[in-house]
Amino acid sequence: MIKRNTENLLNRLPAGIQIVAATKARNPEVIKEAIKAGIKIIGENYVQEAEAKYNVLGRVVQWHFIGHLQKNKVKRAVEIFDMIQTIDSFEIAQAIDKACSLKKKVMQVLIEVNSAREKEKFGLFPQDVCSFIEEARQLKNIKINGLMTMGPFLKDASQLRPYFKEARRLFERVKSLNLPGVQMCYLSMGMSDSYQVAVEEGANLIRIGTAIFGRRKT
Ligand SMILES: *Cc1c(COP(=O)(O)O)cnc(C)c1O
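Under this note's numbering, think of the first position of the sequence shown as 86, with each following residue one higher.
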């Protein structure tokens, strides 16, 4: 099932769109099946859970962090991940920068945008993103590579379209500023229920769990 799900997804996607397999609560064995079927990027939400899987799977894939990163986990996160998609404060950007400078590593990061401006959710409000990037781009050991958004929880994916549109507009705006050190390559949005709408609105990284692995039991 995982093999067929993954192959169907990969075959249906337009060129230039990459899948991040969202693997929270999935064990290494099922993740291996997805990798065999063509998955190249794993997205993990928790550092400790990622470490356990990383020790089994290693660097045969790229590792993206897609959860909310706590400051006390940054050092360990920097060991594993190739990209951190969820930068939403200068404090966390600085902590990553510092941990990376000790390791002589440059971390690719995406800025998380709270495109629906929901108070209880993580991510920067759209109006704060440009000034944030102006500041964060000064950090030498992180490389800003784009934006990520979750969007609100809505039953009907088409209702997410305005939020994806807003993230896209912002993405293009930052890109057009041509800020030194900033390379706007990735717009990460869309999940199992919403990736088609997200792709129509310009996503080129989609984060897929259920549509690959089936319903989560936990
Ligand atoms: C779980 C998760 C996904 C994937 O969700 P599905 O609906 O299972 O595809 C995408 N992004 C993030 C940040 C997640 O935590």
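From the three backbone atoms N, C-alpha and C, an ideal C-beta is built for every residue, glycine too.
Check your understanding: When DSSP labels each residue in this structure, what does G143 get in the three-state scheme?
Key -> Along the sequence shown, read from residue 1 onward, the residue named residue 143 stands at position 58. DSSP places G143 in helix when its eight states are reduced to three.
Check your understanding: Cβ of I227 within 7 Å of Cβ of M192?
Key -> In the sequence shown, counting from the first residue as 1, residue 227 sits at position 142. In the sequence shown, counting from the first residue as 1, residue 192 sits at position 107. In contact: I227 and M192 (Cβ atoms closer than 7 Å).
**Study point:** N- and C-terminal bounds of the alpha helix (DSSP H) containing T91
**Key:** Taking the sequence shown and counting its residues from 1, the one referred to as residue 91 is at position 6. Run containing T91: 87-97, per the alpha helix (DSSP H) assignment.
Practice item. Check the C-beta distance from V132 over to A162 and give it rounded, since I have them as a contact under 8 Å. Key: Within the sequence shown, residue 132 is the residue found at index 47, counting from 1. Within the sequence shown, residue 162 is the residue found at index 77, counting from 1. Contact flag correct, Cβ pair sits at about 5 Å.
Review point. Does ligand 1 have a heavy atom nearer than 6 Å to the CB of A252?
Key: On the sequence shown, residue 252 is found 167 positions in, with the first residue counted as 1. No; taking the cut-off as 6 Å, the Cβ of A252 has no heavy atom of ligand 1 nearer than that.
Check your understanding: DSSP state of I291, grouped into three classes?
Key -> Within the sequence shown, residue 291 is the residue found at index 206, counting from 1. Strand, per DSSP.
Exercise for review: Return helix, strand or coil for Y271, following the three-state DSSP convention.
Suggested key: Looking up residue 271 in the sequence shown gives position 186. In the three-state scheme derived from DSSP, where H, G and I count as helix and E and B as strand, Y271 is classed as strand.
Point to revise | Below 7 Å from a heavy atom of ligand 1 - residues by beta-carbon | key: A distance filter of 7 Å between CB atoms and the heavy atoms of ligand 1 selects the following residues in sequence order: A107, K109, G128, N130, I151, G152, M235, M276, S277, D278, R292, I293, G294, T295, A296, R301.
Review point. Taking all protein chains shown into account, do 16 or more other C-beta atoms lie within 10 angstroms of the C-beta of L272, making it buried, or fewer, making it exposed?
Key: Translated into positions along the sequence shown, residue 272 becomes position 187. That one is buried.
Practice item. Specify the secondary structure class of F207 as computed by DSSP and reduced to three states. Key: Within the sequence shown, the letter at position 122 stands for residue 207. Correct three-state label for F207: coil.
Review point. Under the three-state reduction of DSSP, which class applies to L223: helix, strand or coil?
Key: Mapped onto the sequence shown, residue 223 falls at position 138. First, the amino acid is wrong: residue 223 is Gln here, not Leu. Q223 falls in the coil class under three-state DSSP.
Practice item. List the whole-angstrom C-beta distance separating S279 from A242, where the pair is believed to meet the contact cut-off of C-beta under 8 Å. Key: Locating residue 279 in the sequence shown gives position 194, where the first residue counts as 1. Locating residue 242 in the sequence shown gives position 157, where the first residue counts as 1. Between A242 and S279 the Cβ distance is about 4 Å, and since that is below 8 Å, they are a contact.
Practice item. For the beta strand (DSSP E) containing E114, list its first residue and its last residue. Key: Translated into positions along the sequence shown, residue 114 becomes position 29. No beta strand (DSSP E) contains E114, which is instead part of the alpha helix (DSSP H) from 113-121.
Check your understanding: Where does K228 sit, in a helix, a strand or coil, going by DSSP?
Key -> In the sequence shown, the residue the question calls residue 228 occupies position 143. In the structure shown, K228 sits in a strand (DSSP, three-state: E or B).
Point to revise | Check whether L245 and V282 have beta carbons under 7 Å apart | key: What you label residue 245 is simply residue 160 of the sequence shown in a count that begins at 1. What you label residue 282 is simply residue 197 of the sequence shown in a count that begins at 1. V282 is positioned such that its CB atom lies closer than 7 Å to that of L245.
Point to revise | Buried or exposed by the 16-neighbour rule on C-beta atoms within 10 Å, applied to K138 | key: Indexing the sequence shown from 1 puts residue 138 at position 53. Answer is buried; the Cβ neighbour count reaches 16.
Review point. Any contact of the stretch 202-209 with the stretch 176-185, i.e. 3+ C-beta pairs under 8 Å?
Key: The count of Cβ pairs closer than 8 Å, one atom from the stretch 202-209 and one from the stretch 176-185, stays below three, leaving the stretches out of contact.
Exercise for review: Quick one: grab the DSSP three-state call for I151.
Suggested key: As a first step, residue 151 must be located in the sequence shown, where it is residue number 66. In the three-state reduction of the DSSP assignment, I151 falls in the coil class.
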